[in-house]
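Novice:
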Amino acid sequence: MTELVAESPDSPVSPAGLHPTSPTAIEVPSAGRSLFGDAWARLKGNRAAMFSLFYIIAMALVCIIGPFFSPHSYSTIYPDYVRMPPSFSPVPKPEMIESSLDETLRRMRVDKKEWHQEGERVFVTVTSAKEIDDRNVRYLDRSDTFDDAKVESKSPDGKEAVFSAAVKQAYFLFGTDNVGRDLLTRTLVAGRISLAIGLLAGFVAVVIGVVYGAAAGFIGGKTDEVMMRIVDVLYSLPFIFFVIMLVVFFGRNFVLMFLAVGAVLWLDMARIVRGQALSIRRQEYVQAAEAMGVSQRGILQRHVIPNLLGPVVIYMTLLVPQVILLESFLSFLGLGVQEPMTSWGVLISAGANNLGSANWMLLFPAFFLVSTLFALNFVGDGLRDALDPKDR
Amino acid sequence: MFFYVLRRLLTAIPTLFVIVTMAFFLIRVAPGGPFNQERGLSPEIKANLEAQFGLSDPLWLQYWNYLKNLMHGNFGPSYNLPDFTVTELFAQGLPISVQLGLTALVLALLVGGTFGIIAALNQNKGADYAVIATATAGSTIPTFVIAPLIQLLFGLTWNLLPIGGWGDGALVNKIGPVLTLALPQMAIVARLMRGSMIESLRSHHIRTARAMGLSDWSVVVKHALRGALLPIVSYAGPAAAALLTGSIIVETIFAIPGVGRYFVQAALNRDYTLVMGTVVVIALFTILFNLIVDILYAVVDPRVRYD
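As you go down the protein sequences, you meet chains A and B in turn.
Adding 434 to a residue's 1-based position in the first sequence gives its number in my numbering.
Adding 110 to a residue's 1-based position in the second sequence gives its number in my numbering.
(1) What does DSSP give as the partner residue(s) for residue 552 of chain A in the beta ladder?
(2) What residue from A/741, A/810, A/636 and A/617 has the CA that sits closest to residue 521 of chain A's CA?
(3) Figure out for me which residue from A/582, A/573 and A/528 has the closest Cα to the Cα of residue 543 of chain A.
(4) Got a sec, what are the start and stop residues for the alpha helix (DSSP H) residue 160 of chain B sits in?
(5) When you compare the stretch 746-763 of chain A with the stretch 570-585 of chain A, are there three or more beta-carbon pairs, one atom per stretch, that lie closer than 8 Å?
(6) Whose Cβ in chain B lies nearer than 7 Å to the Cβ of residue 683 of chain A?
(7) Residue 678 of chain A versus chain B: which residues are under 8 Å apart at the beta carbon?
(8) What would DSSP say about residue 684 of chain A, mapped onto helix, strand or coil?
(9) My guess is that residue 159 of chain B and residue 145 of chain B are in contact by the Cβ rule of under 8 Å, so how many angstroms apart are they, rounded?
(10) Residue 126 of chain B by DSSP, collapsed to three states: which one?
(11) For the stretch 250-263 of chain B, which residues have a beta carbon sitting closer than 8 Å to at least one beta carbon of chain A?
(12) From B/136, B/128 and B/153, pick the residue whose C-alpha is nearest to that of residue 382 of chain B; which is it?
(13) Along the alpha helix (DSSP H) that carries residue 284 of chain B, what are the first and last residues, could you check?
(14) Using beta carbons (cut-off 9 Å, strictly below), is residue 511 of chain A in contact with chain B?
(15) Could you check how far apart the C-beta atoms of residue 196 of chain B and residue 384 of chain B are, in whole angstroms? I think they sit under 8 Å.
(16) In three-state terms, what does DSSP make of residue 365 of chain B?
(17) How far does the beta strand (DSSP E) with residue 606 of chain A in it reach, from first residue to last?
(18) Shorter than 9 Å from the beta carbon of residue 181 of chain B to some beta carbon of chain A?
(19) The beta strand (DSSP E) spanning residue 583 of chain A covers which residue range?
(20) Please check if any C-beta of chain A sits within less than 9 Å of the C-beta of residue 362 of chain B.
(21) In terms of alpha-carbon separation, which member of A/662, A/676 and A/620 lies closest to residue 389 of chain B?
(22) Go ahead and pull the three-state DSSP assignment for residue 806 of chain A.
(23) Starting from the C-beta of residue 498 of chain A, find all residues in its chain whose C-beta is less than 8 Å away, skip the five residues before and the five after it, and write them out in chain order.
(24) Mind listing which residues of the stretch 264-284 of chain B have their C-beta closer than 9 Å to chain A's C-betas, in chain order?
(25) What's the C-alpha gap between residue 262 of chain B and residue 472 of chain A?
(26) Could you list which residues in chain B have their beta carbon closer than 9 Å to that of residue 804 of chain A, in chain order?
(27) Any C-beta of chain A sitting closer than 9 Å to the C-beta of residue 133 of chain B?
(28) Along the stretch 749-776 of chain A, what residues have a CB closer than 7 Å to any CB found in chain B?
(29) Leaving out five residues before and five after residue 214 of chain B in sequence, what residues of the same chain have Cβ atoms less than 7 Å from its Cβ?
(30) Rounded to a whole number of angstroms, what is the C-alpha to C-alpha distance between residue 515 of chain A and residue 605 of chain A?
(31) In the DSSP assignment, what residue or residues form a beta bridge with residue 597 of chain A?
(32) Give me the residue from B/314, B/394, B/280 and B/256 with the minimum Cα distance to residue 180 of chain B.
(33) In angstroms, rounded to a whole number, what distance separates the CA positions of residue 171 of chain B and residue 771 of chain A?
(34) Within its chain, find whatever has a CB closer than 8 Å to the CB of residue 737 of chain A; leave out the 5 residues flanking it on each side and keep chain order.
(35) I want to verify the contact list: residues of chain A whose CB lies under 8 Å from the CB of residue 389 of chain B, in sequence order.
Here you go:
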């Protein structure tokens, strides 16, 4: 965007540079506002759009940076903490310690004689018919609940021992999913994927659409006719059939698939750009520029590209939520991102399947997805208002 | 008018032909075949199966045979549901999908239209903002979020509706799917209606009608509404085609035995005939509803004539 501002014809030029030794105090011409400077000023006035813009930026930052600060990895499974409801208090809850301890001792094949907690540490006296191996203490470390396990003392015959272990505290602000993974980290990682796909496929669609549409619009004539008939034919195929065919074709390769999705969504863009290119070419200001002998390149740079960019930018901001939606839809059907990688669609699908037992699995990802879609739509609407020259 | 309809129906044939051809070759280009997934299928049996269904013939012959059968209204057998022909599958599923889709469409048009008119009559007042906000929300929230939320609220929390299933078409089983289908459409219809109604209310004949002292009701319903209906009609055509041919999401989430769920399954299983059948049915519905839209144009707007 900034580059465009610099290139556009009305961008402010330093008056000092123009008149370094101006003898008379000629009034410095007030710098005109460029198309994008103007649009930006108008966008700034639109509170809903600005709030949405900040929301999207915040969402993107949180999704990108958040997982680095999370103590949990998106793929780590905590078998002790399956379907934990969201909570601000740490797990294990006091009443969970004993059951977790019992489970661990069952794996050790020893019997619990007595246990008590002193501050952060638990002390457990265990007995066994056979001599107890010190290495058994590792079972405590392996559990999700305990950490830093030690053998405190052992009876002379080795059949009774005291183990101690620190209680490991973990926070699951969004709860955990149906196999015991931290939902907060997963939602953020999913956000990365969903947003990245939205941008990637949106970008692919825009590039193909702009090149194709501009080519058709500028070459015109028979070529235009043929190119647009091809678009019409592709339009007439059921959209979802097309997408599914591409998924089938590219297999489950994540990046290729979304290049493919982008390759499906370019049709609208091509039509818009072609229409714009055709109409701009016939505008009086282009004819005037031609009459004044401005080169073809100059006309493209000064008149056609800035006027084309408005609709392209608007369409792209509206395309990104469409792509995110499409990706979620495909992932929901099991055709998109594959486990353990995740996207909002995958999480919502899992949430829909665990509705009765863990409704937070649906609610958190759904909120993230819907609020992002909202914000993207508001920004798109705001940009449309800001860039629409008729509306000034 | 009769000749117009006839001409439109005739031009539908080449369109359909192009769609069938493209779909036929696209699905054949995809790697794999209908009998590849099944484990433990010996090469001899697979070859026999393919010979039986004519899949070992050269592709152009298969294409020719498929076209011939299609002309006779025969969609062929389903490869992955071997006891059924594609026609039988549609005979079972399509009435269900059409019923749900039609109900949702009517609901969306009536409710969405009414709210759109209310918003237009109260432009830039509280009611208007409420409708716009709700409609924005409704058209942004995806179906696969609405459907589980309806299940969660009405099915699990309040125990009002069954969570899913068709239940031989019991009314309570239809409420969830119909609502899910209707809500986004309702939102779009409301926004369209608001916009076109505002425009229509500004036109000269409305000013004249008001100046002549007609009642508000008469001005809005008899005069403004008619002009405002055009965008709704042109939106409703493609929307109807999409709704009536079943929704993958709604039929999967609510476990409805319609035709929407066949499409994805069939494409993944390379059930060629079923995929083709679905494509043809969707194309037929689309062409049909586009025709209905154009006829309705002439009915709604007397300036449109097809002679």
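For each residue, glycine too, the CB sits at the ideal point set by N, CA and C.
Everything numeric in this text was worked out from a predicted model, so none of it was measured.
Specialist: The short version:
(1) DSSP output for residue 552 of chain A lists A/555 as bridge partner(s).
(2) A/617
(3) Considering only alpha carbons, the answer is A/573.
(4) 153-162
(5) no
(6) Under the 7 Å cutoff, chain B gives 140.
(7) 373, 374, 377 and 378
(8) In the three-state reduction of the DSSP assignment, residue 684 of chain A falls in the helix class.
(9) 5 Å
(10) DSSP, reduced to helix, strand and coil, places residue 126 of chain B within a helical segment of the structure shown.
(11) Result list: 250, 251, 252, 254, 255, 257, 258, 259, 261 and 262.
(12) Closest by C-alpha distance to residue 382 of chain B, out of B/136, B/128 and B/153, is B/136.
(13) Here the alpha helix (DSSP H) through residue 284 of chain B covers 281-311.
(14) no
(15) The pair is a contact, with the Cβ atoms about 5 Å apart (cut-off 8 Å).
(16) coil
(17) Looking at the DSSP string, residue 606 of chain A is not in any beta strand (DSSP E), and its letter there is neither H nor E.
(18) no
(19) Taken as a continuous stretch (DSSP letters only), the beta strand (DSSP E) holding residue 583 of chain A covers 580-588.
(20) Residue 362 of chain B counts as touching chain A.
(21) Of A/662, A/676 and A/620, the residue nearest in Cα terms is A/676.
(22) helix
(23) Cβ within range, chain order: 626.
(24) 265, 266, 267 and 273
(25) 47 Å
(26) 247, 250, 251, 252 and 255
(27) yes
(28) 759, 762, 763, 766 and 767
(29) 288, 291, 292, 295 and 353
(30) 11 Å
(31) A/558 and A/585
(32) B/394
(33) 38 Å
(34) 714, 717, 719, 720 and 723
(35) Those are 671, 672 and 675, listed as they occur along chain A.
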